[in-house]
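Oh and the sequence shown: position 132 is 132 in UniProt numbering, straight run, nothing missing. The next block holds one structure in the form of C-alpha coordinates; read it before the comments.
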Amino acid sequence: MGTVILLGTIGVLGIVAYRMHQVQLRALALDRFQTIEFAEPTTEQPAKTRQPRQVIRRYLWLPWICGAIASVIAFWLVGFSAVISLTMGLIVALLFVIVEVWNAQRQAAQLEEQLAEAIDLMIGTLGAGAGLSTSMSVVIEELRDPLRGLFQELLGRINFGDDARLVFAQLAARVPLDTYLLFASALSVHWEVGGNLTPTLSAVGQTIRDRLEIARRIRSNATQSDISTIAILGLTYFIALVMWRNSPDQMEAFVTSPTGEFFVAGSMLLQAVGIVWMHWMSRPKF
1 MGTVILLGTI GVLGIVAYRM HQVQLRALAL DRFQTIEFAE PTTEQPAKTR QPRQVIRRYL
61 WLPWICGAIA SVIAFWLVGF SAVISLTMGL IVALLFVIVE VWNAQRQAAQ LEEQLAEAID
121 LMIGTLGAGA GLSTSMSVVI EELRDPLRGL FQELLGRINF GDDARLVFAQ LAARVPLDTY
181 LLFASALSVH WEVGGNLTPT LSAVGQTIRD RLEIARRIRS NATQSDISTI AILGLTYFIA
241 LVMWRNSPDQ MEAFVTSPTG EFFVAGSMLL QAVGIVWMHW MSRPKF
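This is the structure we're talking about:
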(Lines of atoms letter the chains of each structure in order from A and count residues from 1; the text may use other names and numbers.)
(Lines give C-alpha, C1' and ligand atoms only; values in the text may rest on other atoms or scores of the structure.)
Protein backbone atom coordinates (compact mmCIF):
# COMPACT_ATOMS: atom_id res chain seq x y z
CA MET A 1 0.00 0.00 0.00
CA GLY A 2 2.81 2.37 0.87
CA THR A 3 4.50 1.68 -2.46
CA VAL A 4 1.31 2.50 -4.35
CA ILE A 5 0.89 5.76 -2.41
CA LEU A 6 4.51 6.70 -3.05
CA LEU A 7 4.23 5.98 -6.77
CA GLY A 8 1.04 8.01 -6.94
CA THR A 9 2.73 10.89 -5.13
CA ILE A 10 5.66 10.81 -7.54
CA GLY A 11 3.31 10.82 -10.52
CA VAL A 12 1.24 13.69 -9.18
CA LEU A 13 4.38 15.66 -8.35
CA GLY A 14 5.73 15.16 -11.85
CA ILE A 15 2.44 16.20 -13.47
CA VAL A 16 2.14 19.29 -11.26
CA ALA A 17 5.74 20.32 -11.94
CA TYR A 18 5.24 19.89 -15.68
CA ARG A 19 2.00 21.85 -15.71
CA MET A 20 3.49 24.65 -13.61
CA HIS A 21 6.43 24.85 -15.98
CA GLN A 22 4.18 25.00 -19.04
CA VAL A 23 1.93 27.65 -17.49
CA GLN A 24 4.94 29.74 -16.55
CA LEU A 25 6.38 29.54 -20.06
CA ARG A 26 3.03 30.38 -21.63
CA ALA A 27 2.47 33.36 -19.33
CA LEU A 28 5.99 34.63 -19.99
CA ALA A 29 5.53 34.33 -23.74
CA LEU A 30 2.19 36.15 -23.68
CA ASP A 31 3.59 38.87 -21.46
CA ARG A 32 6.56 39.51 -23.71
CA PHE A 33 5.25 39.00 -27.20
CA GLN A 34 1.71 40.32 -27.04
CA THR A 35 2.99 43.72 -25.92
CA ILE A 36 4.77 44.35 -29.23
CA GLU A 37 1.99 46.43 -30.74
CA PHE A 38 4.42 48.32 -32.91
CA ALA A 39 5.11 45.17 -34.89
CA GLU A 40 1.79 45.20 -36.75
CA PRO A 41 2.64 45.76 -40.41
CA THR A 42 0.77 48.35 -42.41
CA THR A 43 0.38 46.10 -45.43
CA GLU A 44 -1.42 42.81 -45.52
CA GLN A 45 0.75 39.81 -44.72
CA PRO A 46 0.15 36.18 -45.64
CA ALA A 47 -2.02 34.24 -43.24
CA LYS A 48 0.74 31.74 -42.53
CA THR A 49 4.07 33.18 -41.40
CA ARG A 50 7.11 31.24 -40.33
CA GLN A 51 7.84 31.58 -36.64
CA PRO A 52 11.31 33.04 -36.03
CA ARG A 53 13.82 30.64 -34.53
CA GLN A 54 14.91 31.72 -31.08
CA VAL A 55 18.58 32.37 -30.49
CA ILE A 56 18.62 31.09 -26.90
CA ARG A 57 18.61 27.33 -27.24
CA ARG A 58 16.58 25.48 -24.65
CA TYR A 59 16.71 21.74 -24.03
CA LEU A 60 13.60 21.36 -21.91
CA TRP A 61 13.12 17.63 -22.56
CA LEU A 62 16.76 16.59 -22.22
CA PRO A 63 16.78 16.54 -18.36
CA TRP A 64 13.74 14.27 -18.26
CA ILE A 65 15.27 11.93 -20.84
CA CYS A 66 18.42 11.75 -18.70
CA GLY A 67 16.25 11.04 -15.65
CA ALA A 68 14.46 8.23 -17.48
CA ILE A 69 17.80 6.73 -18.54
CA ALA A 70 19.05 6.94 -14.95
CA SER A 71 15.90 5.15 -13.74
CA VAL A 72 16.36 2.36 -16.28
CA ILE A 73 20.03 1.95 -15.34
CA ALA A 74 19.23 1.89 -11.62
CA PHE A 75 16.49 -0.69 -12.13
CA TRP A 76 18.00 -3.05 -14.71
CA LEU A 77 21.75 -2.78 -14.14
CA VAL A 78 22.14 -1.83 -10.48
CA GLY A 79 19.14 -3.81 -9.26
CA PHE A 80 17.26 -1.20 -7.25
CA SER A 81 13.51 -1.51 -6.82
CA ALA A 82 11.11 0.31 -9.12
CA VAL A 83 10.21 2.92 -6.50
CA ILE A 84 13.81 3.80 -5.64
CA SER A 85 14.76 3.81 -9.34
CA LEU A 86 11.94 6.24 -10.17
CA THR A 87 12.83 8.63 -7.35
CA MET A 88 16.50 8.45 -8.30
CA GLY A 89 15.62 9.29 -11.90
CA LEU A 90 13.49 12.20 -10.69
CA ILE A 91 16.42 13.63 -8.72
CA VAL A 92 18.75 13.24 -11.72
CA ALA A 93 16.20 14.97 -13.97
CA LEU A 94 15.79 17.90 -11.57
CA LEU A 95 19.56 18.33 -11.27
CA PHE A 96 19.81 18.43 -15.06
CA VAL A 97 16.98 20.99 -15.10
CA ILE A 98 19.16 23.25 -12.95
CA VAL A 99 22.06 22.75 -15.38
CA GLU A 100 19.79 23.54 -18.35
CA VAL A 101 18.60 26.74 -16.67
CA TRP A 102 22.22 27.70 -15.97
CA ASN A 103 23.00 27.26 -19.66
CA ALA A 104 20.03 29.41 -20.73
CA GLN A 105 20.99 32.13 -18.24
CA ARG A 106 24.56 32.08 -19.53
CA GLN A 107 23.36 32.57 -23.12
CA ALA A 108 21.01 35.38 -22.06
CA ALA A 109 23.79 37.16 -20.15
CA GLN A 110 26.10 36.93 -23.16
CA LEU A 111 23.43 38.39 -25.46
CA GLU A 112 22.66 41.25 -23.08
CA GLU A 113 26.35 42.11 -22.66
CA GLN A 114 26.79 42.14 -26.43
CA LEU A 115 23.73 44.35 -26.81
CA ALA A 116 25.16 46.85 -24.32
CA GLU A 117 28.42 46.94 -26.32
CA ALA A 118 26.47 47.32 -29.57
CA ILE A 119 24.50 50.26 -28.17
CA ASP A 120 27.73 51.99 -27.10
CA LEU A 121 29.10 51.59 -30.63
CA MET A 122 25.87 52.88 -32.16
CA ILE A 123 25.85 55.91 -29.86
CA GLY A 124 29.39 56.79 -30.96
CA THR A 125 28.66 56.51 -34.67
CA LEU A 126 25.31 58.31 -34.41
CA GLY A 127 26.96 61.11 -32.44
CA ALA A 128 29.50 61.49 -35.25
CA GLY A 129 26.66 62.13 -37.72
CA ALA A 130 26.24 58.67 -39.25
CA GLY A 131 22.88 57.11 -39.96
CA LEU A 132 21.22 54.12 -38.37
CA SER A 133 22.28 51.72 -41.14
CA THR A 134 25.89 52.87 -40.90
CA SER A 135 25.90 52.42 -37.13
CA MET A 136 24.58 48.88 -37.55
CA SER A 137 27.35 48.17 -40.06
CA VAL A 138 29.92 49.28 -37.48
CA VAL A 139 28.34 46.92 -34.94
CA ILE A 140 28.55 44.05 -37.44
CA GLU A 141 32.26 44.72 -37.98
CA GLU A 142 33.16 44.98 -34.29
CA LEU A 143 31.03 42.37 -32.51
CA ARG A 144 31.09 38.58 -32.62
CA ASP A 145 28.35 36.00 -32.93
CA PRO A 146 25.57 35.47 -31.98
CA LEU A 147 24.67 39.19 -32.04
CA ARG A 148 26.70 39.80 -35.17
CA GLY A 149 24.57 37.35 -37.14
CA LEU A 150 21.37 38.92 -35.81
CA PHE A 151 22.44 42.41 -36.89
CA GLN A 152 23.56 41.12 -40.29
CA GLU A 153 20.15 39.58 -40.88
CA LEU A 154 18.37 42.69 -39.56
CA LEU A 155 20.33 45.12 -41.74
CA GLY A 156 20.09 42.87 -44.80
CA ARG A 157 16.31 42.56 -44.55
CA ILE A 158 15.91 46.32 -44.15
CA ASN A 159 18.16 46.97 -47.17
CA PHE A 160 16.11 44.51 -49.24
CA GLY A 161 12.92 46.43 -48.47
CA ASP A 162 11.26 44.48 -45.65
CA ASP A 163 9.04 46.37 -43.25
CA ALA A 164 11.41 47.74 -40.60
CA ARG A 165 8.84 47.48 -37.81
CA LEU A 166 8.28 43.81 -38.56
CA VAL A 167 12.04 43.21 -38.70
CA PHE A 168 12.56 44.87 -35.30
CA ALA A 169 9.64 42.94 -33.83
CA GLN A 170 11.09 39.64 -35.05
CA LEU A 171 14.41 40.56 -33.48
CA ALA A 172 12.64 40.83 -30.12
CA ALA A 173 10.85 37.55 -30.84
CA ARG A 174 14.07 35.71 -31.65
CA VAL A 175 15.69 36.94 -28.44
CA PRO A 176 12.90 36.78 -25.79
CA LEU A 177 14.55 39.18 -23.35
CA ASP A 178 13.15 42.43 -22.00
CA THR A 179 16.31 44.30 -23.00
CA TYR A 180 15.93 43.32 -26.66
CA LEU A 181 12.24 44.22 -26.56
CA LEU A 182 13.19 47.67 -25.25
CA PHE A 183 15.89 48.05 -27.90
CA ALA A 184 13.55 46.95 -30.71
CA SER A 185 10.84 49.33 -29.48
CA ALA A 186 13.27 52.26 -29.49
CA LEU A 187 14.43 51.49 -33.04
CA SER A 188 10.86 51.03 -34.27
CA VAL A 189 9.68 54.34 -32.80
CA HIS A 190 12.70 56.14 -34.25
CA TRP A 191 12.01 54.59 -37.66
CA GLU A 192 8.43 55.88 -37.53
CA VAL A 193 8.84 59.40 -36.14
CA GLY A 194 12.53 60.16 -36.70
CA GLY A 195 14.45 62.50 -34.43
CA ASN A 196 17.65 62.11 -32.44
CA LEU A 197 18.19 58.48 -31.49
CA THR A 198 21.30 59.04 -29.35
CA PRO A 199 19.57 60.07 -26.06
CA THR A 200 17.11 57.19 -26.38
CA LEU A 201 19.85 54.64 -26.95
CA SER A 202 21.85 56.13 -24.07
CA ALA A 203 18.90 55.59 -21.72
CA VAL A 204 18.35 52.08 -23.07
CA GLY A 205 22.03 51.23 -22.67
CA GLN A 206 22.10 52.49 -19.09
CA THR A 207 18.99 50.46 -18.29
CA ILE A 208 20.58 47.34 -19.75
CA ARG A 209 23.77 47.81 -17.73
CA ASP A 210 21.77 48.32 -14.54
CA ARG A 211 19.86 45.12 -15.24
CA LEU A 212 23.11 43.27 -15.90
CA GLU A 213 24.55 44.41 -12.59
CA ILE A 214 21.45 43.34 -10.68
CA ALA A 215 21.33 40.04 -12.56
CA ARG A 216 24.97 39.30 -11.67
CA ARG A 217 24.26 39.80 -7.98
CA ILE A 218 21.16 37.63 -8.12
CA ARG A 219 22.97 34.91 -10.06
CA SER A 220 25.81 34.85 -7.55
CA ASN A 221 23.36 34.27 -4.70
CA ALA A 222 21.40 31.71 -6.72
CA THR A 223 24.59 29.85 -7.60
CA GLN A 224 25.52 29.62 -3.93
CA SER A 225 22.13 28.14 -3.06
CA ASP A 226 22.29 25.65 -5.94
CA ILE A 227 25.80 24.54 -4.97
CA SER A 228 24.67 24.16 -1.36
CA THR A 229 21.77 21.98 -2.50
CA ILE A 230 24.05 19.76 -4.58
CA ALA A 231 26.58 19.54 -1.73
CA ILE A 232 23.91 18.44 0.75
CA LEU A 233 22.67 15.80 -1.69
CA GLY A 234 26.19 14.55 -2.26
CA LEU A 235 26.84 14.38 1.48
CA THR A 236 23.69 12.30 1.98
CA TYR A 237 24.70 9.72 -0.61
CA PHE A 238 28.28 9.73 0.67
CA ILE A 239 27.03 8.79 4.15
CA ALA A 240 24.86 6.06 2.60
CA LEU A 241 27.91 4.73 0.73
CA VAL A 242 29.99 4.66 3.92
CA MET A 243 27.24 2.78 5.75
CA TRP A 244 27.00 0.28 2.91
CA ARG A 245 30.77 -0.28 2.93
CA ASN A 246 30.78 -0.87 6.69
CA SER A 247 27.71 -3.14 6.82
CA PRO A 248 26.72 -4.24 3.31
CA ASP A 249 24.46 -7.08 4.44
CA GLN A 250 22.47 -4.97 6.89
CA MET A 251 22.24 -2.10 4.42
CA GLU A 252 21.01 -4.39 1.64
CA ALA A 253 18.46 -6.00 3.95
CA PHE A 254 17.17 -2.58 4.99
CA VAL A 255 16.87 -1.25 1.43
CA THR A 256 15.16 -4.37 0.09
CA SER A 257 12.63 -4.57 2.94
CA PRO A 258 9.24 -2.87 2.37
CA THR A 259 9.75 -0.49 5.31
CA GLY A 260 13.28 0.44 4.28
CA GLU A 261 12.23 0.86 0.67
CA PHE A 262 9.45 3.21 1.71
CA PHE A 263 11.71 5.37 3.88
CA VAL A 264 14.54 5.49 1.35
CA ALA A 265 12.20 6.41 -1.51
CA GLY A 266 10.36 8.90 0.71
CA SER A 267 13.59 10.65 1.70
CA MET A 268 14.67 10.81 -1.94
CA LEU A 269 11.27 12.22 -2.88
CA LEU A 270 11.66 14.92 -0.22
CA GLN A 271 15.08 15.70 -1.67
CA ALA A 272 13.44 16.19 -5.06
CA VAL A 273 10.89 18.55 -3.51
CA GLY A 274 13.76 20.44 -1.84
CA ILE A 275 15.57 20.81 -5.16
CA VAL A 276 12.47 22.29 -6.82
CA TRP A 277 11.79 24.58 -3.86
CA MET A 278 15.34 25.93 -3.57
CA HIS A 279 15.65 26.45 -7.31
CA TRP A 280 12.30 28.25 -7.51
CA MET A 281 13.13 30.54 -4.57
CA SER A 282 16.55 31.47 -5.95
CA ARG A 283 15.41 32.38 -9.47
CA PRO A 284 15.68 36.08 -10.39
CA LYS A 285 12.33 37.85 -10.69
CA PHE A 286 12.72 41.42 -11.96
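All C-beta atoms, glycine included, are put in the ideal place defined by N, C-alpha and C.
Assigned secondary structure, residue i (DSSP; H/G/I helix, E/B strand, else coil)
| i | result |
| --- | --- |
| residue 54 | coil |
| residue 60 | coil |
| residue 210 | helix |
| residue 221 | helix |
| residue 175 | coil |
| residue 75 | helix |
| residue 156 | helix |
| residue 130 | coil |
| residue 205 | helix |
| residue 161 | coil |
| residue 151 | helix |
| residue 254 | helix |
Residue i burial status per 10 Å Cβ neighbour count (16 or more: buried)
| i | result |
| --- | --- |
| residue 98 | buried |
| residue 92 | buried |
| residue 258 | exposed |
| residue 208 | buried |
| residue 63 | buried |
| residue 80 | buried |
| residue 165 | buried |
| residue 252 | exposed |
Range covered by the alpha helix (DSSP H) that runs through residue i
| i | result |
| --- | --- |
| residue 196 | Unbroken run through residue 196: none, as it is neither H nor E. |
| residue 146 | Segment: none, residue 146 is in no alpha helix (DSSP H) and carries neither H nor E. |
| residue 272 | 258-281 |
Proximity of residue i and residue j at Cβ, strictly below 7 angstroms
| i | j | result |
| --- | --- | --- |
| residue 139 | residue 121 | yes |
| residue 135 | residue 143 | no |
| residue 168 | residue 147 | no |
| residue 200 | residue 112 | no |
| residue 171 | residue 154 | yes |
| residue 175 | residue 78 | no |
| residue 87 | residue 215 | no |
| residue 96 | residue 85 | no |
| residue 94 | residue 227 | no |
Ignoring anything shorter than 4 residues or poking outside the stretch 88-128, list the alpha helix (DSSP H) runs there in chain order. none
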